[in-house]
Amino acid sequence: MGNTTSTDALQEAVDEVEQQQAGEAQAPPGIKLYEFVRAASGAASWSLLSGHAAPTFYDANGEGGGGGRSKPEWMLEIDAGDVDARADEALQYVADRGARRVTFAAGGRLFALRFPDDAGFGGFMEDLESKVFTNTYGFEDDDAGRDKVLGDFRDMFFKGGGEHPRQATQRTLPLMRSRA
1 MGNTTSTDAL QEAVDEVEQQ QAGEAQAPPG IKLYEFVRAA SGAASWSLLS
51 GHAAPTFYDA NGEGGGGGRS KPEWMLEIDA GDVDARADEA LQYVADRGAR
101 RVTFAAGGRL FALRFPDDAG FGGFMEDLES KVFTNTYGFE DDDAGRDKVL
151 GDFRDMFFKG GGEHPRQATQ RTLPLMRSRA
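Be aware that the sequence shown starts at 1, since it is given in UniProt numbering, and climbs by one per residue.
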């Protein structure tokens, strides 16, 4: 009977360490989550909710459920701020590459994510825009999906056969001259 108690305590300790390691792996260091808070007096400010936010995307329809017939419905989830919102135009997201920050609305609240480096910001924005494309148009964000949605106008948005606008080099359009 004494062995059972020590075995249970050992198993609890192992489980606790595994949970801590899983939490550390999920939260890249330095992603900060802010919420815009307005006081009754009318004053407003950004409040830090978490210094280790872990934004993730998941398919609300499940992984491959229904024999692949069910279209994915991508959701943005951030546990640190109790954010769980559909990745679509309702997020009203605005990205600021220079500040490595994306501001968005979810659940009637205004949030901002600030990334510690360009790679983290770029990766998140690429994922977000891909999920928004899929949820908005019902097609995967790939060459075939872009062709179905944009048709002949695809090259206006994706230069060089499918590059994401962020990845394509900027091209300048000729200025139109007004006729006198």
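Ideal Cβ placement from N, Cα and C applies to all residues, glycine included.
Where do the ends of the beta strand (DSSP E) carrying Glu126 lie?
Where Glu126 is concerned, there is no enclosing beta strand (DSSP E), although the alpha helix (DSSP H) it sits in stretches over Asp118 to Tyr137.
Find the nearest neighbour of Gly107 within the set Ser130, Asp96, Ala119 and Ile78, judged by alpha-carbon distance.
Ile78
I'd like to check one pair, Ala85 with Phe104: are the Cβ atoms closer than 9 angstroms?
It is a contact, given that the beta carbons lie within the stated cut-off.
Return yes when the Cβ of Phe111 is within less than 9 angstroms of the Cβ of Ile31, no when it is not.
no
In the DSSP output, what is Val14 paired with across the bridge?
BP columns for Val14 are empty, so no partner.
Once DSSP output is grouped into helix, strand and coil, what is the label at Glu89?
helix
Would you mind reading off the limits of the beta strand (DSSP E) that contains Ser41?
Element bounds for Ser41: n/a, residue is neither H nor E.
In chain order, what residues of the same chain lie with their CB nearer than 6 angstroms to the CB of Lys131, ignoring the 5 residues before and after it?
Phe57, Trp74 and Ala87
On a CA-only basis, which of Gln11, Phe124 and Leu76 is nearest Ala90? Give me that one, please.
Leu76
May I ask which residues mark the beginning and end of the beta strand (DSSP E) holding residue 195?
Lying before the first or after the last residue shown, residue 195 is absent from the chain, which here runs from 1 to 180.
Beta-carbon separation of Val94 and Val83 under 9 angstroms?
No Cβ-Cβ contact shorter than 9 angstroms links Val94 with Val83.
Return helix, strand or coil for Ala112, following the three-state DSSP convention.
strand
Can you name the start and end residues of the beta strand (DSSP E) that Ala106 belongs to?
Arg101 to Ala106
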